[in-house]
Ligand code: CP
C-alpha cells in the first residue's frame, strides 16, 4: 500500500487529482461526511505540532473516521527505547493509516518499510514535509488559478526549512516558474536541492540577501521561520532569527495580487500588522491543509 514520504512520491497527475478532490470537498462537504466510517487514523508525533497534527485529526473526523495517537515521544514507549519500526508495527494492529512526525530525517521512510498500512510523513527533521507542500499547492491554486508563470520568493531559513525543499520540488514540475531565494548566507538553500532540482531541471533562480529589493517582481512571497530546533549553537540562532521581518511598509512596492504565504508557526518573520492585508494567505493555508489532508487520506485508503 502506498505511503507518502516525499512530495516526489506523488506524480503531477496525482497531485492535481488531490487538489481537484480537495476543491470538491470544499464545495460539497456533506458528500464526504461518512467516507471513512469505521476507519482509524493514528497520529504519531515525536516532535511538537499544532497545525499538522490537528488538521490530520480534524480531516479524519470530518470524513466520519476516528483518531488515535500520541502528541509527544515521551507519551509513548519510544521513551523506553522502542524503535520506530516496532512502534509502527504495533500501531498497524490498531489503525488503517498513520501520520508521523519525527525529528530524525528518514524515520517515516523506515516506518513505511516496517508497516503494512500507509504512512504519511508529517515532517522529518529538516528534510521533507509533503502534506504542507500539498496545502501550499492548494493555496496557490485557489489564489492564482494555476501553477505556471509564477515568480516565487522564498525567504528566511532555506537551509533547515523542510517546507521550502518540498515546495521547490513540487513547483519545479511546472513551466514558467522562477525562484528568488532570499536568505542570510548561513541559511542558504542546501546544495543538494540547488543541484538536484534547480540546476538539473534548468529552473531559473536568483540568490540574494535582499528582501525589500526582491519584492516588486514577486507573485508569491513565502516567508519562513528560522528553525531554532535545528541549530547546534543558540548564539547563531539569536544572531540570525530576526534577519527578515515583513512589515506593511516593505509591501508598498509589491504587486497588488501578491500572495503572502507562511507555513506557520511564525515568530517575528511577519508583523501582525500584515495580517489584515488582503494579500496575506497564511491562515488560508492552515484551512487548506485540512481539506488537502482529507483528500490524501481518501486516496491512500482507496476510498472512492
Ligand atoms: N506548518 C506546520 O507544520 O505547523 P505545525 O508545526 O504546527 O504542525
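Numbering (my numbering), first residue to last: 38 to 341.
All residues carry an ideal CB built from backbone N, CA and C; glycine is no exception.
Margin query: Just to confirm the assignment, what range does the beta strand (DSSP E) spanning residue 188 have?
Written below: 188-192
Next item on the list: Determine, using beta carbons only, whether residue 149 and residue 326 come nearer to each other than 9 Å.
Entry: no
Check: Between which two residues does the beta strand (DSSP E) harbouring residue 110 extend?
Finding: Per DSSP, residue 110 belongs to no beta strand (DSSP E) and is neither H nor E.
Item checked: residue 160 in three-state terms, based on DSSP -> In the structure shown, residue 160 adopts extended strand secondary structure according to DSSP, grouped into three states.
Next item on the list: Look at residue 307 and residue 283 and say whether their C-beta atoms are less than 9 Å apart.
Entry: yes
Note to self: Taking 7 Å as the limit, name every residue whose beta carbon sits nearer than that to some heavy atom of the ligand CP, in sequence order.
What the structure shows: 85, 86, 87, 88, 89, 90, 160, 166, 169, 200, 300, 301 and 302
Item checked: Residue ranges of each beta strand (DSSP E) within the segment 195-283, 3 or longer -> 215-219, 242-245 and 257-260
Notebook entry, point to check: Since residue 156 and residue 125 are thought to touch, with beta carbons under 8 Å apart, how far apart are those beta carbons, to the nearest angstrom?
Noted result: 7 Å
Next item on the list: Pull up the DSSP beta-bridge partners for residue 135, would you.
Entry: 79 and 156
Notebook entry, point to check: According to DSSP, which residues form a beta bridge with residue 317?
Noted result: 297
Note to self: Let me check understanding here. Comparing Cα to Cα, which of 330, 285, 237 and 262 lies closest to residue 275?
What the structure shows: Of the residues 330, 285, 237 and 262, the one whose Cα lies closest to the Cα of residue 275 is 262.
Notebook entry, point to check: From residue 310 to residue 190, what distance separates their C-alpha atoms?
Noted result: 20 Å
Note to self: With a threshold of 8 Å on Cβ separation, who are the neighbours of residue 303 within its own chain once the five nearest residues in sequence on each side are excluded?
What the structure shows: 260, 262 and 319
Item checked: Expected contact under 8 Å - CB spacing of residue 132 and residue 77 to nearest Å -> Taking the Cβ atoms as the reference, residue 132 lies roughly 4 Å from residue 77, within the contact range of under 8 Å.
Checklist line | Residue closest to residue 252, alpha-carbon to alpha-carbon, out of 288, 227, 270 and 226 | finding: 288
Checklist line | Buried versus exposed call for residue 229 [16 or more other C-beta atoms within 10 Å across all chains shown] | finding: Residue 229 is exposed by the Cβ-count criterion.
Next item on the list: Check whether the Cβ atoms of residue 89 and residue 104 lie closer than 9 Å to each other.
Entry: no
Check: Among 206, 297, 256 and 272, which has the Cα closest to the Cα of residue 236?
Finding: 206
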